[in-house]
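Down below is the structure, laid out as structure tokens.
In this note's numbering, the protein residues as written are 2 to 418.
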């Protein structure tokens, strides 16, 4: 049984993702495809434009057989922890044979030595020293590997190549039985914000939606996503369920930061070297989220890191909690959407998965249990996912969709073939 796994965000699902999915099936020879997808909050520290169930349904309509949620304690993390969480989850399913991921190069002979180097103590220590000088992780990683291996730093600094290297490192450490298959990305770059063809970056598509509010059927934006996805995006927008943006949480975030004590700010993941003082001061001065970020942002603290810190403040996560979650890895496979092939995969998961497969949240953590202070690690991880959805709902443009408890009320989406 060949099953290819992919670690994705699909924010939103577009033609580039469709091409990647078809290539993953082709080069792996897999009969089935599983997507490990971030939920309502993403790796760059921002809410998904569209909720997790709708994004998962779009992916299944486009050909993914089964979509499983990457717990939020791994999805809103730097590349290393995001990649590790996704790879561990794929490995624990017990049925995945291949893992496909995008990169600027598909040359494993180049990528694998870089990934292995990151497991060497000398290189890890050098990387940490460079980061302490105020450089970003990407810049520090590029310089460290360039100095050690003589690799062109430009090859390493691309976000997709960084993730590819981290996927390979995690595979080597946790799931050596998975066959890695990098796929060279098509045309548009990760951060391109202009649509020039039917293959565009998610950044450009989100910008088009922000500008037009919908994807007009005669627009180039419409042509960048599969038709069924475009129709669903427009339906969600016209009913006020999208787009959800970080700015929608501006007042909530400012209120949260202004009421947190310094020791609570210092305990947030990614907060180091006195950053909590700067956050506390900026939260009092800023009147919008964008102003807050501009007051704190620096070479040492890039925007994505600050946005992740803000999301962690909303969720109530701490360094200590994250350390425990990193030690355990993902403890469950939470189903978001599936098709007929996915139904067959669910039966196989019942036989082979080493972690519980969740289709009904309340069977594993009910609303009363969630209020307890000291939860077992499994339930604590799940509680953060539920909290993330409760907070995310407050970002819907139409107030009627903002009720909490949606993780208890929403079943996995079944999409008939």
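For every residue, glycine included, the Cβ atom is placed at its ideal position computed from N, Cα and C.
Worksheet entry | Residue interval of the beta strand (DSSP E) (run including residue 34) | The residue given as residue 34 occupies position 33 in the chain shown. Element bounds for residue 34: 33-39.
Fill in: Through-space distance from residue 56 to residue 150, alpha-carbon basis
Within the chain shown, residue 150 is the residue found at index 149, counting from 1. Within the chain shown, residue 56 is the residue found at index 55, counting from 1. Taking the straight line from one Cα to the other gives about 40 Å.
Worksheet item: Taking the alpha carbon of residue 74 as the point to measure from, which residue in 393, 418, 327, 404 has its own alpha carbon closest?
Response: The residue labelled residue 74 in the question sits at position 73 within the chain shown. Answer by Cα proximity: 327.
Fill in: Whether residue 69 touches residue 335 by CB criterion (8 Å)
For the purposes of this step, residue 69 is taken as residue 68 along the chain shown, with counting starting at 1. For the purposes of this step, residue 335 is taken as residue 334 along the chain shown, with counting starting at 1. Yes, Cβ-Cβ distance for residue 69 and residue 335 is below 8 Å.
Practice prompt. Could you spell out where the alpha helix (DSSP H) holding residue 114 opens and where it closes?
Written response: Residue mapping note: residue 114 aligns to position 113 of the chain shown, counting from 1. Start and end: 109-118.
Worksheet item: Would you call the stretch 38-47 and the stretch 121-129 touching, i.e. three or more CB-CB distances under 8 Å?
Response: no
Worksheet item: According to the neighbour-count rule (16 or more other Cβ atoms, all chains shown, within 10 Å of its Cβ), is residue 371 buried or exposed?
Response: Your numbering for residue 371 matches position 370 in the chain shown. With 16 or more other Cβ atoms within 10 Å, it is buried.
Worksheet item: Which of helix, strand or coil does DSSP assign to residue 211?
Response: Position 210 of the chain shown, counted from the start, is the residue given in the question as residue 211. Helix.
Worksheet item: In whole angstroms, what separates the C-alpha of residue 159 from that of residue 418?
Response: Taking the chain shown and counting its residues from 1, the one referred to as residue 159 is at position 158. Taking the chain shown and counting its residues from 1, the one referred to as residue 418 is at position 417. Straight-line Cα distance between these residues: approximately 37 Å.
Worksheet item: Quick one, are the C-beta atoms of residue 112 and residue 169 less than 8 Å apart?
Response: Position 111 of the chain shown holds residue 112. Position 168 of the chain shown holds residue 169. Closer than 8 Å, so yes.
Item to complete: Mind listing, in chain order, the continuous alpha helix (DSSP H) runs of no fewer than 4 residues lying wholly within the stretch 241-293?
Response: 251-259, 263-267, 276-286
Worksheet item: Which residues in the same chain as residue 379 place their Cβ atom closer than 7 Å to its Cβ, once the five residues preceding and following it in sequence are excluded?
Response: As a first step, residue 379 must be located in the chain shown, where it is residue number 378. If we look at residue 379 and ignore the five residues flanking it on each side, its Cβ neighbours are 332, 333.
Worksheet item: From residue 281 to residue 398, what does the alpha carbon distance come to, in whole angstroms?
Response: In the chain shown, the residue the question calls residue 281 occupies position 280. In the chain shown, the residue the question calls residue 398 occupies position 397. Rounded to whole angstroms, residue 281 to residue 398 spans 29 Å at the Cα level.
Item to complete: Take the Cβ of residue 87 as the centre, count every other Cβ of all protein chains shown within 10 Å, and call the residue buried at 16 or more, exposed below.
Response: Here residue 87 is taken as the residue at index 86 of the chain shown, counted from 1. Flag for residue 87 reads buried.
Worksheet item: Taking the runs of the alpha helix (DSSP H) that are 4 residues or longer, which of them lie wholly in the stretch 93-178?
Response: 109-118, 122-133, 138-150, 154-158, 160-175
Fill in: Nearest-angstrom Cα separation, counted from residue 384 out to residue 316
Taking the chain shown and counting its residues from 1, one reaches residue 316 at position 315. Taking the chain shown and counting its residues from 1, one reaches residue 384 at position 383. Their Cα atoms are separated by approximately 10 Å.
Item to complete: Measure the CB-CB distance between residue 92 and residue 164 and report whether it falls below 8 Å.
Response: Locating residue 92 in the chain shown gives position 91, where the first residue counts as 1. Locating residue 164 in the chain shown gives position 163, where the first residue counts as 1. The answer is no: Cβ separation not under 8 Å.
Worksheet item: Does the distance from the CB of residue 118 to the CB of residue 416 come in under 8 Å?
Response: Translated into positions along the chain shown, residue 118 becomes position 117. Translated into positions along the chain shown, residue 416 becomes position 415. Their beta carbons are not under 8 Å apart, which means residue 118 does not touch residue 416 by this criterion.
Worksheet entry | Reference residue 242, options 264, 348, 52, closest by Cα | Translated into positions along the chain shown, residue 242 becomes position 241. Minimum Cα distance to residue 242 is reached at 52.
Item to complete: Please state whether DSSP places residue 69 in a helix, a strand or coil.
Response: As a working note, residue 69 is residue 68 in the chain shown. Three-state result, residue 69: strand.
Item to complete: Return the Cβ separation of residue 35 and residue 6 in integer angstroms, given the expectation that the two are a contact with Cβ distance under 8 Å.
Response: Numbered from 1 along the chain shown, position 34 holds the residue referred to as residue 35. Numbered from 1 along the chain shown, position 5 holds the residue referred to as residue 6. Indeed, because the Cβ distance is near 5 Å, the residues count as touching under 8 Å.
Worksheet item: Assuming residue 196 contacts residue 221 under a Cβ cut-off of 8 Å, what Cβ separation, rounded to an integer in Å, is found between them?
Response: As a position in the chain shown, residue 196 is number 195, starting the count at 1. As a position in the chain shown, residue 221 is number 220, starting the count at 1. Yes, they are in contact, since the Cβ atoms of residue 196 and residue 221 sit about 5 Å apart, within 8 Å.
Worksheet entry | Rounded separation between residue 212 and residue 246 - CA only | Within the chain shown, the letter at position 211 stands for residue 212. Within the chain shown, the letter at position 245 stands for residue 246. Residue 212 and residue 246: Cα-Cα distance of roughly 13 Å.
Worksheet item: Among the residues of its own chain, which have a CB less than 6 Å from the CB of residue 283, if the five just before and after it don't count?
Response: One-based indexing of the chain shown puts residue 283 at position 282. Only 293, 296, 297 meet the Cβ criterion.
Practice prompt. Would you kindly check if the distance between the Cβ of residue 106 and the Cβ of residue 173 is under 8 Å?
Written response: Stepping through the chain shown from its first residue, residue 173 is reached at position 172. Stepping through the chain shown from its first residue, residue 106 is reached at position 105. Going by C-beta atoms, residue 173 is not nearer than 8 Å to residue 106.
Practice prompt. Quickly, what does DSSP pair residue 180 with across the bridge? List them, please.
Written response: Against the chain shown, residue 180 aligns to sequence position 179. Note: residue 180 sits in a beta bridge opposite 99.
Item to complete: In the DSSP assignment, find the beta strand (DSSP E) that holds residue 4 and state where it starts and stops.
Response: The sequence position of residue 4 within the chain shown is 3, counting from 1. Unbroken beta strand (DSSP E) run through residue 4: 4-9.
Discussion item. Give me the DSSP bridge partner(s) of residue 415.
Written reply: In the chain shown, residue 415 corresponds to position 414, counting from 1. Paired residue(s): 339.
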